[in-house]
Amino acid sequence: MAYHAGAELSGIECFQVNPLIKDYNGPACAYVANPFGGYQVNSDGERFVDSDYWSGQMMSEVKSEIDSARGPIYLKVSHPPDETLTALENILHTTERPTRGTFHANRGHDYRTHDIEMHISEIGLCGGHSASGVWVDEHARTTVPGLYAAGDLACVPHNYMIGAFVFGDLAGTHAASIRAQVAAPQQLPDDQLRAAHELIYRPLRHPDGPPQPQVEYKLRRFVNDYVAPPKTAAKLSIAVRTFERMRHEIEGMGARNPHELMRAVEVSFIRDCAEMAARSSLTRTESRWGLYHKRADMPVRNDGEWGYHLNLRKGPDGEMLFLKRPVAPYLVSVPELDGLPPADQTVHEVQQPALVGGKAPATAGSRIASAATTVDPPSPRIAEVLALEEPTIADLQPYLTDADPGVRRTAVVTLTEYIPDGYAPVLFAALDDADAGVRRCSAEGIRELVEVLPDPAGAEPYLSSGDTVVRAATVYLLSARRAGAAGQYRRALDDPDHRVRIEAVRALVSVDDVDGVRAATHDENREVRIAAAAGLATLRAGVEAVSALIADPDPLVRAAALAAIGELGCSQNDFAAVERALQAPAWQVRQGAARALGGATTELGVLAISRLADALSDAHLDVRKAAILSLTRWADEAAARDALGIALKDSDADVRAYARRALDVQNA
141 MAYHAGAELS
151 GIECFQVNPL
161 IKDYNGPACA
171 YVANPFGGYQ
181 VNSDGERFVD
191 SDYWSGQMMS
201 EVKSEIDSAR
211 GPIYLKVSHP
221 PDETLTALEN
231 ILHTTERPTR
241 GTFHANRGHD
251 YRTHDIEMHI
261 SEIGLCGGHS
271 ASGVWVDEHA
281 RTTVPGLYAA
291 GDLACVPHNY
301 MIGAFVFGDL
311 AGTHAASIRA
321 QVAAPQQLPD
331 DQLRAAHELI
341 YRPLRHPDGP
351 PQPQVEYKLR
361 RFVNDYVAPP
371 KTAAKLSIAV
381 RTFERMRHEI
391 EGMGARNPHE
401 LMRAVEVSFI
411 RDCAEMAARS
421 SLTRTESRWG
431 LYHKRADMPV
441 RNDGEWGYHL
451 NLRKGPDGEM
461 LFLKRPVAPY
471 LVSVPELDGL
481 PPADQTVHEV
491 QQPALVGGKA
501 PATAGSRIAS
511 AATTVDPPSP
521 RIAEVLALEE
531 PTIADLQPYL
541 TDADPGVRRT
551 AVVTLTEYIP
561 DGYAPVLFAA
571 LDDADAGVRR
581 CSAEGIRELV
591 EVLPDPAGAE
601 PYLSSGDTVV
611 RAATVYLLSA
621 RRAGAAGQYR
631 RALDDPDHRV
641 RIEAVRALVS
651 VDDVDGVRAA
661 THDENREVRI
671 AAAAGLATLR
681 AGVEAVSALI
691 ADPDPLVRAA
701 ALAAIGELGC
711 SQNDFAAVER
721 ALQAPAWQVR
731 QGAARALGGA
741 TTELGVLAIS
751 RLADALSDAH
761 LDVRKAAILS
771 LTRWADEAAA
781 RDALGIALKD
791 SDADVRAYAR
801 RALDVQNA
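All the letters of the sequence shown, read from the start, carry residue numbers 141 to 808 under this note's numbering.
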């Protein structure tokens, strides 16, 4: 429905595949059994996965194990004591699936005598588990004004029912806040009404047409045979042609009652989703996410070409359009993925590759490969490096200049571990290596050895490195060792990467450059603005800039600014904004407001105590803890002590402990 409304969908090529109980339409729930001692094994009783919680990679390993001579696989639960199994049954047979106990009992199985045979599910699309769904922003807005999506429908981080509740709350809150900005239609389009009426009631005109169960079974068989991974262009092309052909078969379905009409509409939607899945899988020309998007004809992940979300939407002519939306820069550095977010954050339209196959090739070919594909093994020189005991620079030099980046990375790690005489210039030189992995190892080594590195100023030339990781580590080293100048850090504030700018803010704090830190409060990246707010709090300066951040559009920046006000002093000018922040939807903002009240001026003490007492009833424990800590400042006031006394009955142990300590300090 969102697709037909014109909204963008994302990740439709990333299928959800779950580990199920064999012959039972429900999850095996290894994640429930794990805390009780359960785990997955093959038919030989061997564990074969590192984690029993599913992912695309785990499902790939599960499928391989099932298809091998070691299959089938089981959830092993027969070994814990009886009381543990009883507790497990009380969850699995009630909260999870009430029919599950009946299923096992009808087979004569019991967790005390039988382990649970597992299999894998059919493919599905589920935003809450496989990151496929309707494209939304942080407010749950789709690309269609006024249309919102939440729960498993939306393309959101991994979540369950609670996640759906949270996103539903976000969607409702934001929709209510902009209701005056989106005009409600006064009349629905006649063509859309006619199309919807035709979709729903068409089967009544030919009640003797093919029945819905028959058409749906045929459609699902095509999905399982041609769209389910491992995928190939040939199979996906057959799927696309089949789903196009089945439009007419679905239009001929018959129905006689409302239930059959509903099921017939569902078949139409299944066909739409199947076509989206096939075309999206054909368009993403790589493999990614383990089994979820495993292209047997393109088995390699291609971050350079596909560091993008693949989105689709319905074009003006009714055809499917595809967009490559760049992965956003990571707020936290992820090892091995520094180069993934594309530098060019432009959205590109991408064409679906042409369909292939349809008939056998005209020319004959051989199935026998001319030569076996070989994979180069790791260099034996890596083992040589690891075998060195107390190596000197001379010992490591041949490996530091080896042609194999893997050898050089190992040599840099070894250099960091043993720090032989004269290691610093060599470690700095590795920052200029041609391989990003070597440069990362060197940068990590510098961070690890920051307190003992001789001549830290020797890293200054690398402030202009082309590698973000190197520039960030260099700024960190110079600031930590007081070897840099404010001018260098000011220039780093203009770096294109936010990670370098964050280090620059911290460095400016180390040299007491208030103006430089104040300038960072206008940075486009929220993490930089957060660092700037914290930095001004440390410097006890720049209260005007921090006050301006209280109105920042990002809730985490507002929270940081409010916390900084607690250090800089909450004056009458800020008090009204702090009061409003205590009612904010985001708990982090409310926590920041409670911290801000801890810095209220003496004249505002009575009001601050009153607002903090109210905050002790906040639903979030971190807000209550912040309120307790702020009340500690006024523990000599009767009203504050009364509030702290009430907090002694809080449901959270930490809140009670903070309140007790505050009262004990006052009584002492």
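For each residue, glycine too, the CB sits at the ideal point set by N, CA and C.
List the residues that DSSP assigns as beta-bridge partners of R465. Position 325 of the sequence shown, counting from 1, holds the residue named residue 465. Beta-bridge pairing links R465 to H449.
8 Å contact criterion, which A576 and D478 should meet: CB distance rounded: Numbered from its first residue, the sequence shown carries residue 576 at position 436. Numbered from its first residue, the sequence shown carries residue 478 at position 338. Indeed they touch by this definition, with Cβ atoms about 7 Å apart.
State the start and end residues of the unbroken alpha helix (DSSP H) segment that holds P842. With the chain running from 141 to 808 in the structure shown, residue 842 is simply not present.
Reduced DSSP secondary structure (H/G/I, E/B, other) of A797: The sequence position of residue 797 within the sequence shown is 657, counting from 1. DSSP places A797 in helix when its eight states are reduced to three.
Using the three-state DSSP reduction, which class does M141 fall into: helix, strand or coil? Within the sequence shown, numbered from 1, the residue matching residue 141 stands at position 1. Note: M141 maps to coil in three-state DSSP.
Taking the alpha carbon of G447 as the point to measure from, which residue in G455, M460, R453 and W429 has its own alpha carbon closest? Within the sequence shown, numbered from 1, the residue matching residue 447 stands at position 307. Selected option, being the one with the closest Cα: W429.
Taking all protein chains shown into account, decide if A494 is buried (16 or more other Cβ within 10 angstroms of its Cβ) or exposed. As a first step, residue 494 must be located in the sequence shown, where it is residue number 354. Result: exposed.
Quick test of your reading: L215 and A271, contact by CB under 8 Å. State the CB separation rounded to the nearest angstrom. Translated into the one-based positions of the sequence shown, residue 215 becomes position 75. Translated into the one-based positions of the sequence shown, residue 271 becomes position 131. 25 Å between Cβ atoms; not a contact.
Count the other CB atoms within 10 Å of the CB of E415; is the residue buried (16 or more) or exposed (fewer)? In the sequence shown, residue 415 corresponds to position 275, counting from 1. It counts as buried.
Exposure label - D595; buried when at least 16 CB within 10 Å: As a first step, residue 595 is located in the sequence shown; it is residue number 455 there, counting from the start. D595 should be labelled exposed.
E777 versus L771: straight-line alpha-carbon distance, rounded: Counting from 1 along the sequence shown, the entry for residue 777 is found at position 637. Counting from 1 along the sequence shown, the entry for residue 771 is found at position 631. Distance between the alpha carbons of E777 and L771 is about 9 Å.
According to DSSP, residues forming a beta bridge with P325: Taking the first residue of the sequence shown as position 1, residue 325 is located at position 185. In the DSSP output, where bridge partners are listed per residue, P325 has none listed.
Using 8 Å as the threshold, is the C-beta distance between H638 and P469 below it? As a first step, residue 638 is located in the sequence shown; it is residue number 498 there, counting from the start. As a first step, residue 469 is located in the sequence shown; it is residue number 329 there, counting from the start. Contact flag set, yes.
Spatial neighbours of A294 in its chain, beta-carbon cut-off 7 Å, leaving aside the 5 residues before and after: Taking the sequence shown and counting its residues from 1, the one referred to as residue 294 is at position 154. Answer for A294: G267, G273, V274, V276, A280 and F307, listed in chain order.
CB-CB under 6 Å to A753, same chain, minus the five flanking residues each way: which ones, in chain order? As a first step, residue 753 is located in the sequence shown; it is residue number 613 there, counting from the start. Taken in chain order, the residues that qualify are A783.
The stretch 373-380 in contact with the stretch 310-330 per 3-pair CB rule at 8 Å: no
On the DSSP letters alone, give me the boundaries of the beta strand (DSSP E) that K216 sits inside. As a position in the sequence shown, residue 216 is number 76, starting the count at 1. Note, K216: beta strand (DSSP E), I213 to K216.
Assign L333 to one of two classes, buried (16 or more other C-beta atoms within 10 Å of its C-beta) or exposed (fewer than that). Locating residue 333 in the sequence shown gives position 193, counting from the first residue. Flag for L333 reads exposed.
Is the beta carbon of R751 closer than 8 Å to that of L722? Position 582 of the sequence shown, counted from the start, is the residue given in the question as residue 722. Position 611 of the sequence shown, counted from the start, is the residue given in the question as residue 751. In contact: L722 and R751 (Cβ atoms closer than 8 Å).
What are the uninterrupted segments assigned as alpha helix (DSSP H) that are 4 or more residues long and contained completely in the stretch 193-242, given in chain order? 196-207 and 222-230
Strand pairing of Y288, partner residues [DSSP]: Counting from one through the sequence shown, the residue named residue 288 turns up at place 148. Y288 pairs with R281.
How big is the Cα-Cα spacing for V609 and L633? On the sequence shown, position 469 is the one that residue 609 refers to. On the sequence shown, position 493 is the one that residue 633 refers to. Looking at the two C-alpha atoms, the distance is approximately 15 Å.
For S582, which of E529, D365, T554 and G562 has the nearest alpha-carbon? By one-based count along the sequence shown, residue 582 stands at place 442. Closest by alpha carbon: T554.
Within the stretch 351-410, note down every full beta strand (DSSP E) run reaching 3 residues or more, in order along the chain. none
By DSSP's criteria, S619 is part of a beta bridge. Which residues make up the other side? If you number the sequence shown from 1, residue 619 lands on position 479. The partner list for S619 (beta bridge, DSSP) is empty, contrary to what the question assumes.
Output yes or no for whether 8 Å exceeds the beta carbon distance between E426 and V440. Sequence index remark: in the sequence shown, residue 426 carries index 286 (1-based). Sequence index remark: in the sequence shown, residue 440 carries index 300 (1-based). Yes; because the gap between Cβ atoms is below 8 Å, this pair is in contact.
Only counting the same chain, and skipping five residues up and downstream in sequence, which positions put a Cβ closer than 7 Å to that of S195? Within the sequence shown, residue 195 is the residue found at index 55, counting from 1. The answer, listed in chain order, is G430.
Pick helix, strand or coil for H433, following the three-state DSSP scheme. By 1-based counting over the sequence shown, the position of residue 433 is 293. Reduced to three states, the DSSP call for H433 is strand.
With distances taken from CA atoms, which of I390, F305 and I318 is nearest L287? Taking the sequence shown and counting its residues from 1, the one referred to as residue 287 is at position 147. The residue among I390, F305 and I318 with its C-alpha nearest the C-alpha of L287 is I318.
Nearest CA to the CA of A623: which residue from E262, V640 and L648? Counting from one through the sequence shown, the residue named residue 623 turns up at place 483. It is L648.
Checking 8 Å against the spacing of the C-beta atoms, do T661 and A674 come in under that value? On the sequence shown, position 521 is the one that residue 661 refers to. On the sequence shown, position 534 is the one that residue 674 refers to. In this structure, A674 does not lie closer than 8 Å to T661 by Cβ.
Can you tell me the Cα-Cα spacing of L618 and R465, whole angstroms? Counting from 1 along the sequence shown, the entry for residue 618 is found at position 478. Counting from 1 along the sequence shown, the entry for residue 465 is found at position 325. Their backbone Cα atoms lie some 37 Å apart in a straight line.
With a threshold of 8 Å, are at least 3 pairs of Cβ atoms found where one atom belongs to the stretch 724-740 and the other to the stretch 685-700? yes
Does the distance from the C-beta atom of Q492 to that of F462 stay below 8 Å? The sequence position of residue 492 within the sequence shown is 352, counting from 1. The sequence position of residue 462 within the sequence shown is 322, counting from 1. Going by C-beta atoms, Q492 is nearer than 8 Å to F462.
What do you get for F155, buried or exposed, if any count of 16 or more other CB atoms within 10 angstroms of its CB means buried? Translated into positions along the sequence shown, residue 155 becomes position 15. By the 10 Å Cβ count, F155 comes out buried.
Status (buried if at least 16 other CB within 10 Å, exposed otherwise) for T282: Locating residue 282 in the sequence shown gives position 142, where the first residue counts as 1. The residue is buried, with at least 16 neighbouring Cβ atoms inside 10 Å.
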